[in-house]
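Trainee:
Residue numbers (our numbering): 240 to 449.
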C-alpha cells in the first residue's frame, strides 16, 4: 500500500502541520534502506515524517524523502532513545512494543473507563480502517502464511535490537507491551490496545516513582 489514503485522512482531521511548530518536541525515526542508516526527521511536514517512519516492510511502500527511500525506523531501531538526548527533560520514558510475549494471552476485557460517544472524526477513522482492512485482505480471504512468517521474522529481529538499544541507552522508565498483544492488522482492536497502554503506563510510572 502507498499509504496515501492514510495520510490524507490524517490531514483532513488536523490539517497540514510543521514539526517545528508543534508544542512538544518531535522526532520521527526512519530507515534509509539503501544507505543502511537511521534517519531522524525533526523539521518539515509532520505527515511526511510520519509516512516515512511507518513504512513497515511488506505493508507499505518505501517513502521517497530527499532522494532517499525510507522505511519504518524499527528496522534498525525499534526503541529510538538517542533522539531525546538533546531534549531538556527530567525523565525519559521508553515504550517497548517488543516485550516478552504473554502466555497464555490475556482475555479481552472491556475498558473500565466509560467510552464517550463516538465523534464524527472517530467514525471517519473507523470507516477508513474498515476500508484499509478490506484492501489488505481482498474478498476477506487470503493465505497469509508467507506474510506471517516474514512479519514474525521482522518482529524477532526487532526484539533483539530493542534489547540491545535498551541496554546501551537505559531510560528512566520502560513500559513493556507484549509483542503478541495484537497482530499487525488488528485495527479493530484499537480501543483495547489504547486501554492496555493506559494500564501499562500506570504500572510503569508507579514502579518508577518508588
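A virtual CB, placed ideally from N, CA and C, is assigned to each residue, including glycine.
Tell me which residues share the same chain as residue 308 and place their Cβ nearer than 8 Å to its Cβ, disregarding the 5 neighbours each side in the sequence.
Mentor: 271, 272, 273, 301 and 302
Trainee: Is the stretch 401-414 in contact with the stretch 327-343, if contact means three or more CB pairs nearer than 8 Å?
Mentor: yes
Trainee: Looking at the structure shown, is residue 347 part of a helix, part of a strand, or coil, going by DSSP?
Mentor: Residue confidence is low: residue 347 scores 49 on pLDDT, short of 50, so the model does not pin down where it sits. No coordinate-derived value is stated.
Trainee: With the cut-off set at 9 Å, would you say residue 400 and residue 315 are in Cβ contact?
Mentor: yes
Trainee: From the DSSP output, read off the bridge partner residues of residue 270.
Mentor: Here residue 270 is bridged, per DSSP, to 277 and 310.
Trainee: From residue 392 to residue 398, what does the alpha carbon distance come to, in whole angstroms?
Mentor: 10 Å
Trainee: Quick check: what's the CA-CA separation for residue 432 versus residue 441?
Mentor: 14 Å
Trainee: Considering only their Cβ atoms, is the gap separating residue 290 from residue 242 smaller than 9 Å?
Mentor: yes
Trainee: By Cβ distance below 8 Å, which residues in the same chain neighbour residue 421 in space, the five residues on each side in sequence not counted?
Mentor: 428, 431 and 432
Trainee: Check each candidate in 324, 269, 260 and 240 and name the one with the smallest Cα separation from residue 305.
Mentor: Among 324, 269, 260 and 240, the Cα nearest to that of residue 305 belongs to 269.
Trainee: If you follow the beta strand (DSSP E) that residue 244 is in, where does it begin and where does it stop?
Mentor: No beta strand (DSSP E) holds residue 244; the alpha helix (DSSP H) holding it covers 243-253.
Trainee: Measuring CA to CA, which of 245, 244, 251 and 292 is closest to residue 265?
Mentor: 292
Trainee: So residue 258 and residue 282 are in contact, right, with Cβ under 8 Å, and what is the actual spacing, rounded?
Mentor: 5 Å
Trainee: Which residue from 276, 337 and 414 puts its Cα closest to that of residue 310?
Mentor: 276
Trainee: If I follow the unbroken alpha helix (DSSP H) through residue 384, where does it start and stop?
Mentor: Following the DSSP letters along the chain, one finds residue 384 inside the alpha helix (DSSP H) bounded by residues 384-407.
Trainee: Classify residue 444 as helix, strand or coil using the three-state DSSP reduction.
Mentor: Residue state, collapsed to three classes: helix.
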